[in-house]
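A.B. asks: In the working numbering, the protein residues as written are 151 to 401.
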């Protein structure tokens with residue numbers, strides 16, 4: 151079982167979706183991954199959708215801000231990494247050539263977070279837990295299982311993240327495409343892959359969720375208004391597919 155009551159520093163511990171329609175997204179992912187949704191207060195005039203499997207928090211959702219919508223920003227999943235101190239972590243990101251997009255701030259009593267960008271442009275969050283550790287369930291069906299960096303410079307990115315978090319990043323495959331595994335404290339923590347030359351997509355972190363039956367999941371995605379971007383393919387540890395939800399977020 152992937153039950154968690156804490157996450158070690160350097161571990162991917164949470165993910166949430168910024169979307170144009172949280173209610174519709176909650177219905178989509180509920181049908182696909184069995185998530186139970188609860189809308190909770192998140193400050194003045196704001197709410198946050200907590201998504202659960204078996205009563206355990208697995209992900210969150212929030213409505214995109216007006217300025218994001220006006221700028222044409224697409225809905226997207228955000229990956230969070232647990233740190234001991236969000237403020238010093240953000241400062242270290244800047245020292246290593248990244249950028250701080252939002253300095254560390256309190257998220258009610260849940261914890262502190264900072265929004266940062268690596269030197270190649272991939273955005274992620276630092277999470278300093280207080281009342282909320284992040285995901286209470288990982289790896290199992292319906293839960294986050296992997297976070298993959300798709301980047302224009304795998305070697306440069308590997309150096310940055312190794313210095314930032316102490317990750318051990320090693321190449322684990324060369325065919326049909328080079329792939330690097332991320333280890334944190336001796337445990338698999340993610341992956342790195344080069345963006346194909348000429349791709350219009352900027353560097354980004356891609357969130358994977360476990361599906362008990364990938365073929366059945368593909369049918370649900372199509373039925374519920376999503377789209378398959380990369381049909382199911384076999385890898386060393388199982389099978390994966392990449393999809394887009396009805397609002398446009400990739401996973």
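Positions of the beta carbon are idealized from the N, C-alpha and C atoms, including for glycine. Nothing here was measured: the structure is a model prediction, and the numbers come from that model.
1) For residue 389, count neighbouring Cβ atoms within 10 angstroms of its own Cβ and tell me buried if that reaches 16, exposed if not.
2) Could you pull the start and end residues of the alpha helix (DSSP H) that residue 249 belongs to?
3) Could you give the first and the last residue of the continuous beta strand (DSSP E) run that contains residue 381?
4) Would you call the region 256-270 and the region 173-184 in contact, with 3 or more CB pairs under 8 Å?
5) So, under 8 Å CB-CB, residue 243 and residue 266 are touching, yes? Tell me the CB distance rounded to an integer number of Å.
6) Ignore the nearest five residues each way along the sequence and tell me which others in residue 431's own chain have a CB closer than 8 Å to its CB.
7) Would a C-beta distance cut-off of 8 Å place residue 355 and residue 333 closer than the cut-off?
8) Could you say which of 386, 378, 295, 384 lies nearest to residue 392 if we only look at CA atoms?
9) Should residue 284 go down as buried or exposed, given a rule of 16 or more other Cβ atoms within 10 Å for buried?
10) Could you tell me whether the region 288-301 touches the region 340-357, using the rule of 3 or more Cβ pairs below 8 Å?
11) Closest to residue 399 by CA distance: which of 225, 352, 282 is it?
12) Tell me whether residue 283 sits in a helix, a strand or coil according to DSSP, three-state version.
C.D. replies: In short:
1) Working through the chain shown from its first residue, we reach residue 389 at position 239. So residue 389 ends up on the exposed side.
2) In the chain shown, counting from the first residue as 1, residue 249 sits at position 99. No alpha helix (DSSP H) contains residue 249, which is instead part of the beta strand (DSSP E) from 249-257.
3) Taking the chain shown and counting its residues from 1, the one referred to as residue 381 is at position 231. Residue 381 -> beta strand (DSSP E) spans 377-385.
4) no
5) By 1-based counting over the chain shown, the position of residue 243 is 93. By 1-based counting over the chain shown, the position of residue 266 is 116. The Cβ separation is near 4 Å, so the contact holds.
6) Only positions 151 to 401 of the chain appear in this structure, which leaves residue 431 out of reach.
7) Locating residue 355 in the chain shown gives position 205, where the first residue counts as 1. Locating residue 333 in the chain shown gives position 183, where the first residue counts as 1. The answer is no: Cβ separation not under 8 Å.
8) By 1-based counting over the chain shown, the position of residue 392 is 242. Considering only alpha carbons, the answer is 378.
9) Taking the first residue of the chain shown as 1, we reach residue 284 at position 134. Classification of residue 284: buried, given that the 10 Å Cβ count is 16 or more.
10) In short, these stretches touch, since the Cβ pair count reaches three.
11) The count along the chain shown starts at 1 and reaches residue 399 at position 249. Answer by Cα proximity: 225.
12) Along the chain shown, read from residue 1 onward, the residue named residue 283 stands at position 133. DSSP places residue 283 outside both helix and strand once states are collapsed to three, so it counts as coil.
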